[in-house]
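In the numbering used here, the protein residues as written are -3 to 148. So the structure is just underneath, and the comments pick up after that.
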């Protein structure tokens, strides 16, 4: 198993173990069987655009930490944003910066590609701010729609 994947898995498990159990799941996960990271990245970019978001950039998980030709090819982060939603969210609650820009991590293994995102509704539950939680629930629905479309 790839060392970076192990580190990411340990981080996710530690985050789950040390946080209070909320009503929302911490992560949104979609598996795309039999696919490769390049093809799934292109489908993800198309789904992002379909759902009125803008693709911002993509990077290897270890970008700028190792020479470019050493970067992990099997773990990638895709950043995207709806700038109107971001502006509105930040005006209402500065903590929304924790969620912006939106990001989905792709992890490829021999079976396919996992798409993983931190659930914005789970994050907003930790804030105890009902007015922000509604917007984060809407953002969660956008994420789920993007993940599901990517997996088609």
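From the three backbone atoms N, C-alpha and C, an ideal C-beta is built for every residue, glycine too.
For residue i, name the three-state secondary structure that DSSP assigns.
| i | result |
| --- | --- |
| residue 33 | helix |
| residue 58 | coil |
| residue 124 | coil |
| residue 79 | helix |
| residue 22 | coil |
| residue 134 | helix |
| residue 45 | helix |
| residue 113 | strand |
| residue 144 | helix |
| residue 107 | coil |
Do you know whose CA, among the options, lies nearest residue i's CA?
| i | options | result |
| --- | --- | --- |
| residue 22 | 114, 101, 84 | 114 |
| residue 54 | 74, 40, 122, 60 | 74 |
| residue 38 | 105, 66, 140, 100 | 100 |
| residue 123 | 94, 98, 40 | 94 |
| residue 90 | 106, 63, 125 | 125 |
| residue 109 | 134, 144, 61 | 144 |
| residue 32 | 62, 136, 107, 81 | 107 |
| residue 29 | 127, 105, 40, 65 | 105 |
| residue 50 | 128, 129, 96 | 96 |
Tell me whether the beta-carbon of residue i lies closer than 7 Å to the beta-carbon of residue j.
| i | j | result |
| --- | --- | --- |
| residue 142 | residue 47 | yes |
| residue 71 | residue 44 | no |
| residue 34 | residue 117 | no |
| residue 58 | residue 68 | yes |
| residue 139 | residue 24 | yes |
Our contact map puts residue i next to residue j with C-beta atoms below 8 Å; I'd like the distance itself, whole angstroms only.
| i | j | result |
| --- | --- | --- |
| residue 36 | residue 146 | 6 Å |
| residue 85 | residue 131 | 6 Å |
| residue 76 | residue 98 | 5 Å |
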